[in-house]
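Peer 1:
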Amino acid sequence: MFHAPELFHRPVLAEKIAKQVLTVAVGSAASSGVFLAAPRRTGKSTFVREDLRPAFERAGALVVYADLWANPTVDPGEVIVAAVRAALTTKDGVVMRLAKASGLSKIAVGGAVNFDLDRVGLGKEVSLSDALVALSDEIKQVIVLIIDEAQHAITTDAGIAALFALKAARDELNSTQHYGLRVVCTGSNRDKLAMLRNSKEQAFYGAPMVNFPMLGKDFIEWFCQKAELSFPLSPERVWPLFAEAAYRPELLGSAADTLRFNFDVGADTGPDTFENEVRQLAIELSQVQRKVIRSLTPIQQVVLRVVAASGSNYAPFEAATMALYRKGLQLAGEAEEDVRVDVPGVQQALLALQEKKLIWKAARGVYAIEEQTVADILAADGLLKGLEPAAEQGGVAP
Ligand SMILES: Nc1ncnc2c1ncn2[C@@H]1O[C@H](COP(=O)(O)OP(=O)(O)OP(=O)(O)O)[C@@H](O)[C@H]1O
Ligand SMILES: [Mg+2]
Numbered sequence: 001m002f003h004a005p006e007l008f009h010r011p012v013l014a015e016k017i018a019k020q021v022l023t024v025a026v027g028s029a030a031s032s033g034v035f036l037a038a039p040r041r042t043g044k045s046t047f048v049r050e051d052l053r054p055a056f057e058r059a060g061a062l063v064v065y066a067d068l069w070a071n072p073t074v075d076p077g078e079v080i081v082a083a084v085r086a087a088l089t090t091k092d093g094v095v096m097r098l099a100k101a102s103g104l105s106k107i108a109v110g111g112a113v114n115f116d117l118d119r120v121g122l123g124k125e126v127s128l129s130d131a132l133v134a135l136s137d138e139i140k141q142v143i144v145l146i147i148d149e150a151q152h153a154i155t156t157d158a159g160i161a162a163l164f165a166l167k168a169a170r171d172e173l174n175s176t177q178h179y180g181l182r183v184v185c186t187g188s189n190r191d192k193l194a195m196l197r198n199s200k201e202q203a204f205y206g207a208p209m210v211n212f213p214m215l216g217k218d219f220i221e222w223f224c225q226k227a228e229l230s231f232p233l234s235p236e237r238v239w240p241l242f243a244e245a246a247y248r249p250e251l252l253g254s255a256a257d258t259l260r261f262n263f264d265v266g267a268d269t270g271p272d273t274f275e276n277e278v279r280q281l282a283i284e285l286s287q288v289q290r291k292v293i294r295s296l297t298p299i300q301q302v303v304l305r306v307v308a309a310s311g312s313n314y315a316p317f318e319a320a321t322m323a324l325y326r327k328g329l330q331l332a333g334e335a336e337e338d339v340r341v342d343v344p345g346v347q348q349a350l351l352a353l354q355e356k357k358l359i360w361k362a363a364r365g366v367y368a369i370e371e372q373t374v375a376d377i378l379a380a381d382g383l384l385k386g387l388e389p390a391a392e393q394g395g396v397a398p
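Numbering follows our numbering, in which position 205 of the sequence shown is assigned residue number 205; successive positions increment by one, without gaps.
This is the structure we're talking about:
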């Protein structure tokens with residue numbers, strides 16, 4: 001029989017976040033939404049789906065959930081529209097309202113409403129904002145839109161359009177005539193999420209960025225109890241190991257799975273074996289990324305290093321950046337005449353890095369490193385030395 005994997009729940013944290021999001025102080029930017037940021041594979045989506053969503057629902061909100069990563073081939077803008085449409089269909093009255101408002105529907109004999117939800121969307125007759133207003137007025141509840149991996153919205157024009165539509169909807173629904181709209185966004189990279197809130201033209205200007213807490217000691221106690229190994233695991237030993245494994249529950253889970261089939265370990269050797277197994281898995285994971293980095297051409301590698309070293313200051317084609325690429329090549333011992341450092345060369349390298357999922361591009365030509373762990377590996381291997389922006393400004397770096 002199939003058992004859904006057991007989860008550790010965090011109801012207290014969920015209640016706290018839900019309450020903060022729902023009760024908004026006058027003039028607070030929190031009505032712009034809130035951003036929850038945490039590294040990859042640390043349990044963001046699980047928490048949002050299993051704990052946060054129910055907490056909002058218990059508090060009387062209607063939750064609309066859009067996961068922009070669930071299907072990478074669908075435009076993020078479309079995913080947001082589809083999530084809103086799905087919420088509309090759950091309430092007959094809303095469809096009736098929209099049909100009436102659009103004035104175009106045929107009310108069929110018998111009063112059945114004939115309204116095609118395809119007419120709701122970006123640049124359609126019924127805007128996202130109109131649709132959310134109708135929903136709000138029908139249900140008379142606050143609506144919470146949760147967008148998982150929200151940074152993907154700014155990688156396409158439709159995604160950007162959806163964010164602006166949401167800003168309009170939020171301003172309207174948070175006026176006194178309606179029942180409120182809150183937007184909760186999650187993402188794994190602060191630099192990327194910051195792009196959604198740092199400029200005045202952005203839909204969530206000023207929205208607070210919250211460091212989403214990692215799973216804690218209570219999770220480790222739960223895990224040690226549930227692990228069902230042939231020897232006991234002590235939370236005191238596993239907790240520092242979990243921190244070392246960058247708070248990724250999967251590493252503990254797979255180590256336990258492996259040991260379950262290892263019949264040679266007893267109570268004496270078990271804990272050590274478990275520890276080694278977790279460390280081994282962490283090394284293997286970073287080795288996969290190291291291999292990808294090593295397989296890059298010299299120009300691709302130096303562009304990646306400069307992106308990682310520059311963070312949110314990265315400007316791909318500026319003269320100073322071009323100089324950094326050349327410096328990076330020298331530092332790596334490449335002969336300058338062998339590598340073409342010019343705009344087309346850099347452009348090609350950026351494209352290749354995007355395809356290899358090492359860097360990420362927002363729709364307006366802004367780049368960021370795809371995963372912080374890649375930057376961490378580069379730093380650990382000494383590949384960012386001499387490329388930091390401070391060094392570039394005249395060598396005052398330590
Ligand atoms: N509360 C929990 N209890 C048990 N296992 C968990 C819990 N939270 C996360 N996990 C496990 O950790 C893994 C990663 O979880 P999840 O996908 O929620 O993380 P994420 O931060 O959203 O990852 P990504 O960066 O890929 O989006 C999953 O295998 C999940 O089962
Ligand atoms: Mg996730």
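Backbone N, C-alpha and C define an ideal beta-carbon position, used for all residues, glycine too.
(1) If we count the other Cβ atoms within 10 Å of its Cβ and call it buried at 16 or more, is Val109 buried or exposed?
(2) Around ligand 2, which residues pass a check of Cβ closer than 6 Å to any of its heavy atoms?
(3) What's the call for Glu149, buried or exposed, on a 16-neighbour Cβ count within 10 Å?
(4) Between the region 187-197 and the region 350-370, do three or more beta carbon pairs fall short of 8 Å?
(5) With distance defined between alpha-carbon atoms, name the residue in Gln348, Val341, Ala379, Trp239 nearest to Ser286.
(6) So what does Val210 bridge to, in DSSP terms?
(7) Checking 9 Å against the spacing of the C-beta atoms, do Ala87 and Phe56 come in under that value?
(8) Under 8 Å: do the region 196-212 and the region 161-169 share three or more Cβ pairs, one atom per stretch?
(9) Taking only three categories from DSSP, how would you classify Asp381?
(10) Quick check on the burial criterion: 16 or more other C-beta atoms within 10 angstroms. Buried or exposed for Leu122?
(11) Applying the criterion that 16 or more other CB atoms from any shown protein chain within 10 Å of the CB defines a buried residue, is Glu6 buried or exposed?
(12) So, at 8 Å on beta carbons, what are the nonlocal neighbours of Ala14 in its own chain, with the 5 sequence-adjacent residues on each side left out?
(13) What did DSSP end up calling Thr186 once you bin it into helix, strand or coil?
(14) With contact counted as at least three CB pairs below 8 Å, one residue from each stretch, are the region 316-333 and the region 276-286 in contact?
(15) Per the DSSP calculation, Ala203 is bridged to which residue(s)?
(16) Taking only the alpha-carbon atoms, compute the straight-line gap between Leu36 and Asn211 and give it to the nearest angstrom.
(17) Check whether the region 140-156 touches the region 59-77, counting contact only when three or more Cβ pairs, one atom from each stretch, lie closer than 8 Å.
(18) Could you tell me which whole beta strand (DSSP E) segments of length 3 or greater appear in the region 38-76?
(19) Can you give me the Cβ contacts of Lys91 inside the same chain, cut-off strictly under 8 Å, excluding the 5 residues immediately before and after it?
(20) Would you give the residue range spanned by the alpha helix (DSSP H) that Ile139 belongs to?
(21) Looking at C-beta atoms only, is the number of pairs between the region 258-270 and the region 228-244 that lie closer than 8 Å three or more?
Peer 2: This is what the structure holds:
(1) Note on Val109: pLDDT 47, under 50, position unreliable in the model; the coordinate value appears next. Exposed.
(2) With the criterion CB distance below 6 Å from any heavy atom of ligand 2, the matching residues run Lys44, Ser45, Asp148 along the chain.
(3) Label assigned to Glu149: buried.
(4) Yes, since at least three Cβ pairs between the region 187-197 and the region 350-370 fall closer than 8 Å, the two stretches touch.
(5) With distances taken between CA atoms, Ser286 lies nearest to Ala379 out of Gln348, Val341, Ala379, Trp239.
(6) Under DSSP, Val210 shares a beta bridge with Leu36.
(7) No; because the gap between Cβ atoms is not below 9 Å, this pair is not in contact.
(8) Yes: the two stretches touch, three or more of their Cβ pairs being nearer than 8 Å.
(9) Coil, per DSSP.
(10) By the 10 Å Cβ count, Leu122 comes out buried.
(11) Exposed is the call here.
(12) Correct list, in chain order: Phe47, Asp51, Leu52, Pro54, Ala55.
(13) The answer is strand: DSSP assigns Thr186 an E or B state.
(14) No: the two stretches stay apart, fewer than three of their Cβ pairs being nearer than 8 Å.
(15) Note: Ala203 sits in no beta bridge, so no partner.
(16) Straight-line measurement puts the Cα of Asn211 at about 6 Å from the Cα of Leu36.
(17) Flag = yes, the region 140-156 and the region 59-77 touch.
(18) The qualifying runs are 62-67.
(19) Only Leu135, Glu138, Ile139 meet the Cβ criterion.
(20) Where Ile139 is concerned, the enclosing alpha helix (DSSP H) stretches over 128-139.
(21) At 8 Å Cβ cutoff, the stretches touch.
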